[in-house]
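So the structure is just underneath, and the comments pick up after that.
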Amino acid sequence: MNFDAAYTAFIQQHIEHRTGERRGRLERGHFADLAWLSGLAKILFEIKGFASHVRDMDRQKYCSELNRETFLHSFGYHVISFAFDDVEQRPDQCIALLRTVLSRYQPAQSPVTRARLAEK
Numbered sequence: 004m005n006f007d008a009a010y011t012a013f014i015q016q017h018i019e020h021r022t023g024e025r026r027g028r029l030e031r032g033h034f035a036d037l038a039w040l041s042g043l044a045k046i047l048f049e050i051k052g053f054a055s056h057v058r059d060m061d062r063q064k065y066c067s068e069l070n071r072e073t074f075l076h077s078f079g080y081h082v083i084s085f086a087f088d089d090v091e092q093r094p095d096q097c098i099a100l101l102r103t104v105l106s107r108y109q110p111a112q113s114p115v116t117r118a119r120l121a122e123k
């Protein structure tokens, strides 16, 4: 059995034994545009379009979106969202923000003094 078939069977088995919101989550699935998983952090990056995430969203979809992000946060994921318009029209701004977010997870660079170099 290949991976796709095994995964489908696994999910279907769990759907059959769940009810309510747990079943709904399994049926809907969870997706992110990009995941960055390191030893220090689990970050999900999403690019959200205005139409699907604002204009066409009703109260139920809005609640579901917030519940989804809270659910992901409960598993240790940080969700970082970019507007599609910014990615398309202002990529430099997105890059700057992305660098700022990721800089929190980079090792700190401490200056090396001459005395410290002499010790080595």
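Just so you know, we're using the working numbering here: the sequence shown kicks off at 4 and counts up by one.
Note that the Cβ used here is the ideal one computed from N, Cα and C, for glycine as well.
No Cβ-Cβ contact shorter than 8 Å links H81 with A35. In the displayed model, S106 falls within a helix according to three-state DSSP.
In the three-state scheme derived from DSSP, where H, G and I count as helix and E and B as strand, A35 is classed as coil. In the DSSP assignment, F48 falls within the beta strand (DSSP E) that extends over 45-51.
Ranked by Cα distance from E24, the first of S67, G79, C97 is S67.
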